[in-house]
DNA sequence: TTCAGTAAAGTAAGCGATAACTATAGCGAT
DNA sequence: ATCGCTATAGTTATCGCTTACTTTACTGAA
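Protein chains in written order, with our numbering: chain U, 2 to 333; chain L, 2 to 333.
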């Protein structure tokens with residue numbers, strides 16, 4: 002394609018420089034080149050360029066579940082921030098499977114992405130050690146990995162757990178159940194926060210009130226049906242994320258109980274449709290857009306500097322959003 | 002990296018062939034190469050390979066809105082289908098903006114994607130003519146463009162409109178309103194189906210019952226509030242997609258009316274949380290996963306054959322899903 | 001007049017792979 | 001012993017760009 006641009010009678014080099022606004026091209030020549038380029042509808046080949054510059058302007062975004070709108074929103078934030086910087090985002094969906102994740106990361110690396118953003122489903126840090134030795138800039142997001150000291154952007158899960166639980170306590174709940182997430186940082190942190198809040202208020206943590214609700218659209222619903230069989234049943238439920246909490250609402254209503262009067266319910270994540278649910282769902286907002294943008298910002302700095310920086314940890318403060326599912330008018 | 006593989010005393014070519022299972026390499030040599038490759042943790046450079054083969058194994062997926070779980074689900078289907086074929090998906094989010102879309106497509110092209118899947122927000126076919134002349138394999142999805150005879154996978158929007166409207170009629174509604182979408186194929190087709198169904202049953206189409214509800218989380222809610230001011234107000238509402246219909250439910254309930262007794266409501270798209278909404282939402286299922294997979298399948302065929310095929314149009318049949326929001330027990 | 005200095009353009013070498021040939025060896029058949 | 005195969009391995013030329021130099025033609029100061 003560039004030889005076509007030589008019908009101006011200049012060398013290939015001149016054209017290359019002109020296109021990149023290189024300083025030692027006269028204004029006149031540059032104009033002629035640009036002009037001809039438009040006429041020919043020519044676009045430089047990114048691949049060839051990448052090959053020699055070692056920059057692909059590709060960023061890998063590794064997510065456990067695109068369907069969860071929390072992550073979709075993050076993806077949007079990331080793309081919005083990176084787009085003006087000339088980066089393109091390759092999203093990979095791991096379906097909460099550590100092995101798939103590992104494989105996808107490998108593929109992204111052979112594609113020579115300039116950086117990675119990962120909300121990991123990994124249990125250990127092997128993959129990340131590899132990234133570190135290969136000096137690939139990367140940022141962990143939403144889910145930190147114990148034992149990996151990497152750049153991180155997200156919310157302190159313990160705070161989320163505490164905030165949600167304290168809120169239920171304030172609403173007068175005393176038998177508070179928790180639909181816990183996977184044993185990753187996220188699930189574990191929220192559980193810990195839940196326990197701490199109970200302890201702080203001298204409420205006994207009853208182990209049968211903590212049930213697992215992991216992955217899948219119905220887990221929250223089913224786990225809650227089990228909870229309702231207990232005697233006494235809980236009077237408050239904290240679901241580790243919104244989809245699970247929404248399932249809980251469904252189960253409780255189906256059992257003929259009222260939300261929030263009989264059982265108050267709160268989730269986490271503030272998915273955009275929370276407001277439209279059967280009972281508008283109280284939740285802990287994690288500012289997913291902000292997380293996405295902040296992460297993108299951090300990664301872009303990492304990618305653009307050569308000196309390896311000290312890993313940074315950026316925490317976004319969680320925010321309680323009270324809606325109908327937990328608001329008991331009289332009590333408090 | 003490859004020179005490192007020459008400590009086996011073989012030529013670079015031999016290694017290259019061995020890695021690709023080329024036929025004229027002895028079993029023994031191949032094993033030695035693979036062995037060494039593992040030891041060195043070597044991965045072939047995709048970029049360099051692409052440069053000479055002219056294949057990137059990259060597919061661009063252009064979507065108007067990732068947050069809409071209908072598209073997120075499609076994205077998942079596409080990725081799931083393409084992943085085992087070795088293709089990587091680059092998702093781009095156009096936020097329903099034709100210009101952004103155009104720009105993103107350009108970028109994807111300079112990245113030399115092997116093919117494109119587009120749910121377009123475009124009003125005319127210019128961009129697609131360009132794709133055709135440049136012989137880029139592409140498939141239009143969900144939204145066809147009038148005047149562009151391209152490969153297409155989606156649902157016949159007119160059928161959706163008719164199916165939804167007929168259902169409301171069967172439920173006894175006689176004053177049926179429609180929250181219409183944008184003037185693209187999708188919105189227009191559903192509107193047309195709606196009108197046809199009314200005509201077929203001899204119900205007069207009242208123009209004040211058709212209001213626009215485009216983009217944004219609250220449009221359905223607000224448009225419905227306007228509808229409720231009419232005298233007489235509608236007794237049935239067909240929202241062109243689920244988020245809009247969910248907003249309608251909210252507005253109706255807020256006005257102190259009952260769903261479906263006073264006003265029956267139906268959407269389209271069958272988003273995964275439909276079941277958890279304030280009133281479980283009736284909808285027209287468009288099998289988003291199937292759309293995604295079918296599209297991916299079609300595109301992969303396009304990419305792998307040289308002969309330009311006659312454009313194909315694949316229609317997925319829509320399916321009525323009745324939930325509480327439109328089901329009137331007594332009548333029908 | 002001469003020479004260093006600068007602006008503008010050009011040359012050569014490769015980035016890491018592959019395609020398309022060419023070369024070599026071993027082997028049986030004539 | 002010679003020819004021609006087949007099976008393996010190696011050569012060479014690019015792919016479309018950029019990096020790092022080198023060249024050329026002026027300019028103005030000494």
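Ideal Cβ placement from N, Cα and C applies to all residues, glycine included.
Subject >> Test: residue 112(U) CB closer than 7 Å to a CB of chain L >> reply: yes
Subject >> Against chain L: residues of the stretch 181-211 of chain U by CB proximity under 9 Å >> reply: none
**OP:** Please go through the same chain and pick out, in chain order, the residues whose beta-carbon is closer than 8 Å to the beta-carbon of residue 25(U), but skip the five residues on each side of it.
**Re:** 18
Subject >> Complete runs of the beta strand (DSSP E) confined to the stretch 72-115 of chain U [at least 3 residues] >> reply: 89-94
**OP:** Jot down the residue ranges of each uninterrupted alpha helix (DSSP H) in the stretch 190-250 of chain U, minimum 4 residues, whole runs only, in chain order.
**Re:** 220-229
**OP:** Could you name the residues of the same chain whose beta carbon sits closer than 7 Å to that of residue 98(L), not counting the 5 residues immediately before and after it, in chain order?
**Re:** 122
Subject >> Three-way DSSP call (helix, strand, coil) for residue 25(L) in this model >> reply: coil
Subject >> residue 36(U), buried or exposed, once every other Cβ within 10 Å from all chains shown has been counted against 16 >> reply: exposed
Subject >> Those residues which DSSP pairs with residue 284(L) across a bridge >> reply: 322(L)
**OP:** Note down, in chain order, all residues in the stretch 256-282 of chain L with a beta-carbon under 7 Å from any beta-carbon belonging to chain U.
**Re:** 273, 274, 277, 278 and 279
Subject >> Per DSSP, the bridge partner or partners of residue 278(U) >> reply: 278(L)
Original post:
Would the stretch 78-98 of chain L and the stretch 143-161 of chain U be scored as touching if the rule is three or more Cβ pairs under 8 Å?
Top reply: no
**OP:** Report the three-state DSSP secondary structure of residue 188(L) (helix, strand or coil).
**Re:** helix
Subject >> Residues from the stretch 30-47 of chain L in contact with chain U, defined by Cβ distance under 8 Å >> reply: 44, 45, 46 and 47
**OP:** Say whether chain U places a C-beta atom closer than 7 Å to the C-beta of residue 14(L).
**Re:** no
Subject >> Interface residues of chain L facing residue 76(U) [CB-CB closer than 8 Å] >> reply: 67, 92 and 94
Original post:
Rounded to the nearest angstrom, how far is the Cβ of residue 266(U) from that of residue 326(U), given a contact under 8 Å?
Top reply: 5 Å
Subject >> Separation of residue 3(L) from residue 16(L), as counted between CA atoms >> reply: 8 Å
Original post:
Apart from the five residues just before and just after residue 279(L), which ones in its own chain have a Cβ nearer than 7 Å to its Cβ?
Top reply: 250, 251 and 254
Original post:
Are the beta-carbon atoms belonging to residue 211(U) and residue 224(U) less than 7 Å from one another?
Top reply: no
Original post:
Is residue 327(L) close to chain U, meaning its C-beta is less than 7 Å from at least one C-beta of that chain?
Top reply: no
Original post:
Considering only the beta carbon of each residue, do residue 236(U) and residue 204(U) sit closer than 7 Å?
Top reply: no
Original post:
Is the number of C-beta pairs between the stretch 318-325 of chain L and the stretch 163-178 of chain L that are closer than 8 Å three or more?
Top reply: yes
**OP:** Leaving out five residues on either side along the sequence, give the residues of the same chain with a beta carbon under 6 Å from the beta carbon of residue 157(L).
**Re:** 316
**OP:** Over the uninterrupted alpha helix (DSSP H) stretch that includes residue 162(L), give me the two end residues.
**Re:** 158-171
Subject >> Assigned secondary structure, residue 2(L) (DSSP; H/G/I helix, E/B strand, else coil) >> reply: coil
Original post:
Along the stretch 125-149 of chain L, what residues have a CB closer than 8 Å to any CB found in chain U?
Top reply: none
Subject >> contact_flag[the stretch 115-131 of chain U, the stretch 60-79 of chain U] where n(CB pairs < 8 Å) is 3 or more >> reply: yes
Original post:
Quick one: which chain U residues come within Cβ less than 8 Å of residue 301(L)?
Top reply: Neighbours of residue 301(L) on chain U: none; closest Cβ ~17 Å, over 8 Å.
Subject >> Limits of the unbroken alpha helix (DSSP H) element including residue 155(L) >> reply: Premise fails: residue 155(L) lies in the beta strand (DSSP E), 152-155, not in any alpha helix (DSSP H).
Original post:
Between the beta-carbon of residue 163(L) and the beta-carbon of residue 129(L), is there less than 7 Å?
Top reply: no
Original post:
When the Cα atoms are used, what is the spatial distance from residue 173(L) to residue 330(L)?
Top reply: 11 Å
Original post:
Which one or two residues does DSSP pair with residue 60(L) in a beta bridge?
Top reply: 90(L) and 116(L)
Subject >> Contacting residues, own chain, Cβ-Cβ under 7 Å from residue 258(U) (five flanking each side not counted) >> reply: 264
Original post:
Would you call the CB atoms of residue 47(L) and residue 57(U) closer than 7 Å?
Top reply: no
**OP:** Go ahead and pull the three-state DSSP assignment for residue 31(U).
**Re:** helix
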